[in-house]
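Taking the numbering used here, the leading residue of the sequence shown gets 332, the next gets one more, and so forth.
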Amino acid sequence: MMTFSNKQYLRRSALLSCTRNLLLAAFSIIALSACIGSDSDDPEPFTPPEPPNINAQIRIIHASPDAPAVDVLANGNSVGGLADLDYQTATGLAFIRTGSFEFTVEAQLPGGASASVITLPATLENDVQYNVLAIGEVANIAGLVVANPETAVGDGNIRAQVVHGAPNAPTVDIYVTAPDADIAVSQPLATLAFGEFTGQVEVPAGSYRIRVAAAGTTTVVFDSGTIEIAAGVDLFITATENVLGGEAPINLTVADGLGSGVIVDVNSQAQVRAIHGIADAPAVDVFADIEGDNDLLLFDAAPFKGVTDYISVPAGDYLLDVKADADNGIVAIDDAAVSLMANVRYTALANNSLANADLDLVVDDGRPLATAAQVRVFHASQATGPVDIYVTSDGEIDGVDPAFAGVAYSMDALAETGYVQLAAGDYVLTVTPTGTKTEAIETGVLTLEAAKIYTAFAVDGDMIGDAPQLILADDFVE
Numbered sequence: 332m333m334t335f336s337n338k339q340y341l342r343r344s345a346l347l348s349c350t351r352n353l354l355l356a357a358f359s360i361i362a363l364s365a366c367i368g369s370d371s372d373d374p375e376p377f378t379p380p381e382p383p384n385i386n387a388q389i390r391i392i393h394a395s396p397d398a399p400a401v402d403v404l405a406n407g408n409s410v411g412g413l414a415d416l417d418y419q420t421a422t423g424l425a426f427i428r429t430g431s432f433e434f435t436v437e438a439q440l441p442g443g444a445s446a447s448v449i450t451l452p453a454t455l456e457n458d459v460q461y462n463v464l465a466i467g468e469v470a471n472i473a474g475l476v477v478a479n480p481e482t483a484v485g486d487g488n489i490r491a492q493v494v495h496g497a498p499n500a501p502t503v504d505i506y507v508t509a510p511d512a513d514i515a516v517s518q519p520l521a522t523l524a525f526g527e528f529t530g531q532v533e534v535p536a537g538s539y540r541i542r543v544a545a546a547g548t549t550t551v552v553f554d555s556g557t558i559e560i561a562a563g564v565d566l567f568i569t570a571t572e573n574v575l576g577g578e579a580p581i582n583l584t585v586a587d588g589l590g591s592g593v594i595v596d597v598n599s600q601a602q603v604r605a606i607h608g609i610a611d612a613p614a615v616d617v618f619a620d621i622e623g624d625n626d627l628l629l630f631d632a633a634p635f636k637g638v639t640d641y642i643s644v645p646a647g648d649y650l651l652d653v654k655a656d657a658d659n660g661i662v663a664i665d666d667a668a669v670s671l672m673a674n675v676r677y678t679a680l681a682n683n684s685l686a687n688a689d690l691d692l693v694v695d696d697g698r699p700l701a702t703a704a705q706v707r708v709f710h711a712s713q714a715t716g717p718v719d720i721y722v723t724s725d726g727e728i729d730g731v732d733p734a735f736a737g738v739a740y741s742m743d744a745l746a747e748t749g750y751v752q753l754a755a756g757d758y759v760l761t762v763t764p765t766g767t768k769t770e771a772i773e774t775g776v777l778t779l780e781a782a783k784i785y786t787a788f789a790v791d792g793d794m795i796g797d798a799p800q801l802i803l804a805d806d807f808v809e
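Below is the structure:
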């Protein structure tokens, strides 16, 4: 396996080879010009340009749990590969010229605006790798730079470095052990408070297990389970706040030089809720069939327009049945196959009509942002044609273009707006048949707050022929 340092050396070699070729070509042109185009015996001396110095590397890690996606600028200019970075992700390692820079982290705000949240002066030196982290919640966001010399990983080894980047987690002990080791008799790799980090540690490639415990205890709050790591891998690991489902307070954001991924606690479960959106169906029960057990009752007597609480279930593949609560012999949806992943939240929405019932599973991946309210709207009304959706401050839509046009009901996957960021304030949501200004739904004034998630499902009216209506969820009803 090629290490990142080897790639870096290959790139330097290619650059030097290219520079030599350019210099030879330049000398040839100068010599030819001197022979055929000059009467002077003393031509101007040619001084070859210095090759650009790009021996530094930089990587950005977004570890601020309530910050929006960010862009990173160097001296006011964009840097390739350092744009549109979202939470719990890291860029690949980017080559950059050495010298003095002022790095600016700009948060992406509603309406295409941006705001500088971190300004970080830095002098980049030859053969040094710089890891720049945005840590802390937005109210106290800060930049952290972890610099390491660029060196190759030893033969047969892996290298790792760990940062405590979870602002709401206490000081912790970090154990990196064989998978079956007892941490009660093991020494922690390090004890870290928020913002602290280990040095680079090399160990033989193989199977490992990462466990995190409150400092001074063996009470594990995060367990990676067994992970296999191949020789030559150079990892930068950041403990980041878990903002989704599961009991563990943290996840691990792992950067390998090319990109990043997230390791969740091995015991993490999926979270799922149900919404009854079939207007002509009675209250229903939702059952799960897992490993041959068809008697797992997930939700009992869910009424039309009802939104259940989230429940935790083991990750895995399920078959879901939706049955009439009063008579489980009446099956509205039979063996709807769903796959649930650990540490992910889902909404299971029963929709369409009783005669043609459908179950859609959607991922609820909204993360509260300190800088914006987030609104998400679904079209789940089978009796309603394509619609236009307006978001205004006063409900006046004449002369206003829709925020979303031609949104149609679909049996394949529910049409939705996705999470739309809006500045905190008062809004009116208006839904009209596409191409008209005829109101089918108008919410009245809604006061939306930053750091809140607002979800709405447009479903059929209570009776045939009624106008569609909204089922409100999340912070609309809290």
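Even glycine gets a Cβ: it sits at the ideal position worked out from N, Cα and C. Just so you know, these numbers come straight off a predicted model, no measurement behind them.
By a C-beta neighbour count over all protein chains shown, 10 Å radius and 16 as the cutoff for buried, is residue i buried or exposed?
i	result
Pro399	buried
Asn462	buried
Gly588	buried
Pro396	buried
Leu779	buried
Val638	buried
Ala524	exposed
Gly563	buried
Thr548	exposed
Leu628	exposed
Gly368	For Gly368, the predicted structure reports a pLDDT of 38, less than 50, and the residue's modelled location is therefore unreliable. A value from the coordinates is still provided. Exposed.
Glu747	buried
Ala446	exposed
Val477	buried
Ala813	In this structure the chain extends from 332 to 809, so residue 813 is not present and cannot be described.
Asn659	exposed
Cys366	Below a pLDDT of 50, predicted positions are generally treated as unreliable, and Cys366, at 33, falls in that range; the measurement from the model is reported next regardless. It counts as exposed.
Ser724	exposed
Val516	exposed
Ile581	buried
Gln518	exposed
Thr584	buried
Pro452	exposed
Leu761	What sits at residue 761 in the sequence shown is Thr, not Leu. Counting Cβ neighbours within 10 Å, Thr761 comes out buried, since at least 16 surround it.
Is the beta carbon of residue j closer than 8 Å to that of residue i?
i	j	result
Ile728	Lys783	no
Ala633	Ala655	no
Thr422	Gly407	no
Asp805	Thr786	yes
Ala465	His393	yes
Asp554	Val597	yes
Asp458	Pro480	yes
Asp402	Gln439	yes
Gly608	Ile795	no
Pro441	Ala754	yes
Ala771	Thr715	yes
Val552	Ala601	no
Ala561	Ala536	yes
Leu690	Ala667	yes
Val694	Leu651	no
Whole-angstrom Cβ separation of residue i and residue j, contact assumed at under 8 Å?
i	j	result
Tyr649	Ala619	5 Å
Ile606	Phe788	6 Å
Thr429	Thr450	Actually they do not touch by this definition, with Cβ atoms about 20 Å apart.
Arg490	Val532	7 Å
Tyr721	Val731	6 Å
Val644	Val603	6 Å
Thr763	Val718	6 Å
Val410	Ala425	6 Å
Ala663	Val653	5 Å
Glu468	Ala701	7 Å
Ala673	Leu692	Contact doesn't hold; Cβ gap of about 15 Å is too wide.
Gly630	Ala612	Contrary to the premise, residue 630 reads as Phe rather than Gly in this sequence. Wrong, their Cβ atoms sit about 14 Å apart, outside the cutoff.
Ser538	Glu559	6 Å
Val751	Gly726	Actually they are not in contact, since the Cβ atoms of Val751 and Gly726 sit about 18 Å apart, beyond 8 Å.
Ala444	Pro501	About 36 Å; that fails the 8 Å criterion.
Ala781	Ala704	6 Å
Could you tell me which residues DSSP pairs with residue i in its beta bridges?
i	result
Gly756	Leu779
Ala655	Val615
Val411	Here residue 411 turns out to be Gly, not Val, going by the sequence shown. According to DSSP, Gly411 bridges with nothing at all.
Tyr506	Arg542
Ser431	Thr454
Leu475	Leu464
Arg396	Per the sequence shown, the amino acid found at residue 396 is Pro instead of Arg. Answer is none; Pro396 lacks a bridge partner.
Leu523	Val503
Glu437	Asp402, Ser447
Phe807	For Phe807, which the question treats as bridged, DSSP gives no partner whatsoever.
Touching by the beta-carbon criterion (3+ pairs, under 8 Å), the region 711–725 and the region 789–806: Using a C-beta cut-off of 8 Å, the region 711–725 makes contact with the region 789–806, since at least three inter-stretch Cβ pairs fall below that distance.
Count the C-beta pairs between the region 497–510 and the region 556–571 that are closer than 8 Å, then say yes if the count reaches three, no if not. A contact exists between the region 497–510 and the region 556–571.
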